[in-house]
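J.:
Number of protein chains: 2
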Amino acid sequence: MTTTRMPLRECSLAVLLGCMAQASCLARSSGPLTIQEQGSFFVGGENRAVSQPAAGLMPAQTGDITVNQMYVEYQIPLHANRHVPVVFVHGCCLSSKTWETTPDGRIGWSEYFIRKGRPVYLADQVSRARSGFDPTPFTQARAGTLAHAQMPSILEATHQFAWVVFRFGPKFGEAFADEQFPVQSADELYKQMIPDLNATLPQDANPTWKHMAALAAKLHGAVLVGHSESGFFPARAALVDPSGVRGAVIIETGCEKLLPAQIAALARIPTLVMFGDHLGDVKGPFSWMAAYDSCNSYVEQLEKAGGDAEMMYLPTLGIKGNSHMLMQDKNSNQLADLLIAWIDRHVEHHAH
Amino acid sequence: MTTTRMPLRECSLAVLLGCMAQASCLARSSGPLTIQEQGSFFVGGENRAVSQPAAGLMPAQTGDITVNQMYVEYQIPLHANRHVPVVFVHGCCLSSKTWETTPDGRIGWSEYFIRKGRPVYLADQVSRARSGFDPTPFTQARAGTLAHAQMPSILEATHQFAWVVFRFGPKFGEAFADEQFPVQSADELYKQMIPDLNATLPQDANPTWKHMAALAAKLHGAVLVGHSESGFFPARAALVDPSGVRGAVIIETGCEKLLPAQIAALARIPTLVMFGDHLGDVKGPFSWMAAYDSCNSYVEQLEKAGGDAEMMYLPTLGIKGNSHMLMQDKNSNQLADLLIAWIDRHVEHHAH
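Heads up: the protein sequence lines correspond to chains Z and L, in order.
Numbered per numbering that gives the first Met the number 0, the first sequence spans residues 0 to 351.
Numbered per numbering that gives the first Met the number 0, the second sequence spans residues 0 to 351.
Shown next, in the form of structure tokens:
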């Protein structure tokens, strides 16, 4: 708990009121924050009959459970009706905690975007965290009605894996000289890493895709942001239903090879791809250079189809040392500003 | 998504500023809400070596994972330094969603308490939701190194179980005439119900207990609120370390039989037990009358030991029809007021 932000000095009412009369106060990264509305809800969900109930603390029970629902929490700041909502979806072995207070105790992209006047929606991927998961195959295997080897694999990233694949440094415990991730707080990131049950979902039709599309439509337009495992989900969501997808932000992932008709459909949606630094500087099971190349190809295909697509490779902007977890890096506010400026220009069409 | 609250009409700045100058505006259940500080963090967590890595989407990896951490999110309203923080912990097969927007789209106890000027902390139990769980036994069983029957049981409450055990009515689909749970929105509650992996934890030393105690100590005093599966956790936390536990609120659970020395220790902590209606009106695997009797006995023992303890059985106050999920019932704000008044009198010692 050493990384919890300490309570801020309370502003005087005069300071507060003075600030509230100016739009500029929304941009502060600390101090009081006025919320127009907040809450949480679910998108989707379907009944599943339970014929092999779990035995345990409560008596065995048959009936129906709900699976494949997606938990979403949101905050709408004051005067947010000027801006398009932003939906953030986390990556592998993580939850929406990704976007909240950073491992070293600074505000995350969620609160930063809110302070910039953006309605923010955080979704826990289907089968993760507050969205729950379908326990059926595990319960069946425990009872012996499903072969144990047929259970879905539960993915859990180790500290050692994360350090290198997330590009904190060339090997575990050793950081790059210009590393932007707050490596002294890596233990706090490890606490965010939880079991990933996406293997329980159909790989060709992850329910999170359709739920992201449904959420964007319900909001009458939203920018969808995906990261890593979910990096390409904004495009996948738009392929299900593009009607609400005002923009697609694809962060640090491999881009898929699509059919020409799919590219034509996605070219109608402004698209930003973002990558950090040291892509070629780590060895391991995953090639960041291959991921980068696949997304360069994707951006080129969108452009050739008449689309508004951009590859934002941070080192080319002179921004060095960013990790895979760039929303938690020490310059996370600067990167958020880049993303917000892109939304303003390419989605909301404001001059900058 | 039909139960999402609709965006509120935006108040004029004049109305807002007028309101902000009065403490009374903090008590509104809608309209802008000013937050002094918000965020999330983890309490606890320990390393576990992974020798049997999962095979799947990513290459098998050995190393360390973090387990038994407890995710906590919080909001501190303006001028909250007048009040003791409140920590809410959810029950079986649920997450902190319990305390947020209700199934029928009203504000939950979390936001209601914040609007009453209370700092609010929501904890996902260890092994649930954003706290993650230890996947080791499942991964071992999948690989054949642990007998499948030795896997922990994953508990999932069915719709049919919840309807009766949560006392919406005498049988599934049939509500009590005076039922306070918004049964037309029961499907939204079912989406909150997620797999419960508490069987992966030691039953005699659930890590959530010590983490609740550590959180209360870190906050320099807090009221701990438990419900159902976690109903007795405030007492269990105080038995680990009473130093930060300013009050224990035990809602709708069975109370444990303790040793005299334990009762003597807990008698130093103001304690409130709360039960809803229809305790004897549902048949099933769980006896609410037995739970009620066990807590009456607990309250009596605390009183005999000189403690400040109260059984708040809502029907005796003329409040009828409350379900097990009373924080989501149609009169949830009224019940929150009762709880706040109890905190004011018995923990903060204000006259009412």
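Cβ atoms here follow ideal geometry from the backbone N, Cα and C, with glycine treated the same way.
Taking the beta strand (DSSP E) that T144 of chain L falls in, what are its first and last residues?
T.: T144 of chain L -> no beta strand (DSSP E), and no H or E assigned at all.
J.: Going by beta carbon distance, what residues of the same chain come within less than 6 Å of E72 of chain L, once the five residues before and after it are set aside?
T.: If we look at E72 of chain L and ignore the five residues flanking it on each side, its Cβ neighbours are S39, L121.
J.: Do A247 of chain Z and A234 of chain Z have their C-beta atoms within less than 7 Å of each other?
T.: Yes, they are a contact pair.
J.: Counting contacts by CB-CB distance shorter than 7 Å, is M211 of chain L in contact with chain Z?
T.: By this cut-off, M211 of chain L is not an interface position.
J.: Does DSSP put R267 of chain Z in a helix, in a strand, or in coil?
T.: Three-state result, R267 of chain Z: coil.
J.: How long is the line joining the alpha carbons of S109 of chain Z and E99 of chain Z, rounded to whole angstroms?
T.: In a straight line, the C-alpha of S109 of chain Z is about 6 Å away from that of E99 of chain Z.
J.: Near Q333 of chain Z, which residues of its chain fall below 8 Å by C-beta distance, leaving aside the five closest residues on each side in sequence?
T.: Here the set comprises I318.
J.: Determine contact between the region 122-130 of chain Z and the region 242-261 of chain Z, defined as no fewer than three beta-carbon pairs at a distance below 8 Å.
T.: With a cut-off of 8 Å, the region 242-261 of chain Z and the region 122-130 of chain Z do not count as touching, because too few Cβ pairs lie within range.
J.: Start and end of the alpha helix (DSSP H) containing L425 of chain Z?
T.: Examination of residue 425 of chain Z is not possible in this model, given that chain Z is present from 0 through 351 alone.
J.: Nearest by alpha-carbon distance to V48 of chain L: which of L:P136, L:G275, L:R117 is it?
T.: First, the residue type needs correcting, since residue 48 of chain L is Ala and not Val in the sequence shown. Nearest option by C-alpha distance: L:P136.
J.: In angstroms, rounded to a whole number, what distance separates the CA positions of H348 of chain L and R105 of chain L?
T.: Rounded to the nearest angstrom, the two C-alpha atoms are 30 Å apart.
J.: For V125 of chain L, decide whether its Cβ has a neighbour in chain Z, counting only Cβ atoms nearer than 7 Å.
T.: No, no contact with chain Z.
J.: Taking the Cβ atom as the reference point for each residue, do G243 of chain Z and A216 of chain Z lie within a distance shorter than 7 Å?
T.: A contact, by the Cβ cut-off of 7 Å.
J.: Which residues, in order along the region 131-158 of chain L, keep a beta-carbon less than 7 Å from a beta-carbon of chain Z?
T.: Per Cβ criterion, the list reads G131, F132, P134, F137, T138, A140, R141, G143, H147, A148, M150, S152, I153, L154, E155, T157, H158.
J.: Taking C-alpha atoms, which residue in Z:G107, Z:H158, Z:E178, Z:A266 lies nearest to M280 of chain Z?
T.: The amino acid occupying residue 280 of chain Z in the given sequence is Asp; Met does not appear at that position. Closest by alpha carbon: Z:E178.
J.: Taking a contact to mean a Cβ-Cβ separation below 7 Å, would you say M324 of chain Z touches M273 of chain Z in this structure?
T.: Their beta carbons are not under 7 Å apart, which means M324 of chain Z does not touch M273 of chain Z by this criterion.
J.: Sorry if obvious, but does the Cβ on L223 of chain L come closer than 6 Å to a heavy atom of the ligand SAH?
T.: Looking at this structure, you won't find the ligand SAH or any other ligand, since it has none at all.
J.: Using the beta-carbon count (16 or more within 10 Å), is E255 of chain Z buried or exposed?
T.: That one is exposed.
J.: Against D203 of chain Z, what residues of chain L qualify as contacts under a CB-to-CB distance less than 9 Å, listed in chain order?
T.: Within 9 Å Cβ-Cβ: nothing; D203 of chain Z doesn't reach chain L, min ~14 Å.
J.: In the structure shown, what three-state DSSP assignment does R47 of chain Z receive?
T.: Residue state, collapsed to three classes: strand.
J.: With DSSP as the reference, label R114 of chain Z as helix, strand or coil.
T.: DSSP places R114 of chain Z in helix when its eight states are reduced to three.
J.: Taking Cβ-Cβ distances shorter than 8 Å, what residues in chain L pair up with A221 of chain Z?
T.: Neighbours of A221 of chain Z on chain L: none; closest Cβ ~13 Å, over 8 Å.
J.: Taking the alpha-carbon positions, what's the L214 of chain Z to S152 of chain L distance?
T.: Straight-line Cα distance between these residues: approximately 34 Å.
J.: So, with DSSP's three-state summary, where would you put F132 of chain Z?
T.: Here F132 of chain Z sits in coil by DSSP.
J.: Mind pulling the chain Z residues with CB within less than 7 Å of T252 of chain L?
T.: The premise fails here: T252 of chain L is roughly 13 Å from chain Z at the closest Cβ pair, so nothing lies under 7 Å.
J.: Along the chain, where does the beta strand (DSSP E) that runs through F41 of chain Z open and close?
T.: Start and end: 32-42.
J.: Confirm, please, whether the CB-CB distance from P102 of chain L to P352 of chain L is below 7 Å.
T.: The question about residue 352 of chain L has no answer here: the residues shown for chain L are numbered 0 through 351.
J.: Does any C-beta atom of chain Z lie closer than 7 Å to the C-beta of V49 of chain L?
T.: It does: the Cβ of V49 of chain L has a partner Cβ on chain Z nearer than 7 Å.
J.: Helix, strand or coil, according to DSSP, for R105 of chain L in the structure here?
T.: Coil at R105 of chain L, not helix or strand.
J.: Whose C-alpha, out of L:D133, L:N80, L:P134, is nearest the C-alpha of I113 of chain L?
T.: Nearest option by C-alpha distance: L:N80.
J.: Using 8 Å as the Cβ pair cut-off and three pairs as the minimum, do the region 185-202 of chain L and the region 80-93 of chain Z touch?
T.: As far as the Cβ criterion goes, the region 185-202 of chain L does not touch the region 80-93 of chain Z, which means the pair count is below three.
J.: Would G305 of chain Z be called buried (16 or more neighbouring beta carbons within 10 Å of its own) or exposed?
T.: Exposed, because fewer than 16 other Cβ atoms sit within 10 Å of the Cβ of G305 of chain Z.
J.: Between the beta-carbon of D276 of chain L and the beta-carbon of N330 of chain L, is there less than 7 Å?
T.: The answer is no: Cβ separation not under 7 Å.
J.: Show which residues of chain L have a CB atom less than 7 Å away from the CB atom of Y70 of chain Z.
T.: Simply K96.
J.: Check the DSSP bridge columns for I342 of chain Z and list the partner residues they point to.
T.: The partner list for I342 of chain Z (beta bridge, DSSP) is empty, contrary to what the question assumes.
J.: Mapping the DSSP letters down to three states, classify L278 of chain L as helix, strand or coil.
T.: Here L278 of chain L sits in coil by DSSP.
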